[in-house]
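Going by our numbering, the residue at position 50 of the sequence shown is 50; the numbering climbs one at a time, nothing skipped.
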Amino acid sequence: MLTDLTSATRDYWRKLDAVEAAYQSGELSLQAVDAEVKQLMAELGAARRQAFKDFWVTLQVFVGQQREAIAGTAAIMVLTYYWMATIA
Numbered sequence: 001m002l003t004d005l006t007s008a009t010r011d012y013w014r015k016l017d018a019v020e021a022a023y024q025s026g027e028l029s030l031q032a033v034d035a036e037v038k039q040l041m042a043e044l045g046a047a048r049r050q051a052f053k054d055f056w057v058t059l060q061v062f063v064g065q066q067r068e069a070i071a072g073t074a075a076i077m078v079l080t081y082y083w084m085a086t087i088a
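1) Tell me whether residue 57 is buried or exposed, calling it buried when 16 or more other Cβ atoms sit within 10 Å of its Cβ.
2) What separation, rounded to the nearest whole angstrom, lies between the Cα atoms of residue 82 and residue 15?
3) Return helix, strand or coil for residue 131, following the three-state DSSP convention.
4) Classify residue 61: buried if its beta carbon has 16 or more other beta carbons within 10 angstroms, exposed otherwise.
5) Report the three-state DSSP secondary structure of residue 36 (helix, strand or coil).
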């Protein structure tokens, strides 16, 4: 299943806004804010890495299933380029 990076980013911003509100109201110290922001950044980074891994696996599966079609399309493109380059 693909990671929903947009949702993870929205959650990050929502949590970051909550941390800012807590800091502004005096509920959190500056050190606590720093620790919380580091944790939130680590969570978002993990979500981004997972999304990249999911995309890479999906791309590998697609290329594996469509290898002949991709090779045929690339061959036609190369031949067309060569043909156009020799005419001009």
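Ideal Cβ positions, reconstructed from N, Cα and C, are used throughout, including at glycine.
From a predicted model like this one, the values you see are computed outputs, not experimental measurements.
Concretely, from the data shown:
1) exposed
2) 55 Å
3) A question about residue 131 goes unanswered here, because the residues of the chain that appear run from 1 up to 88.
4) exposed
5) helix
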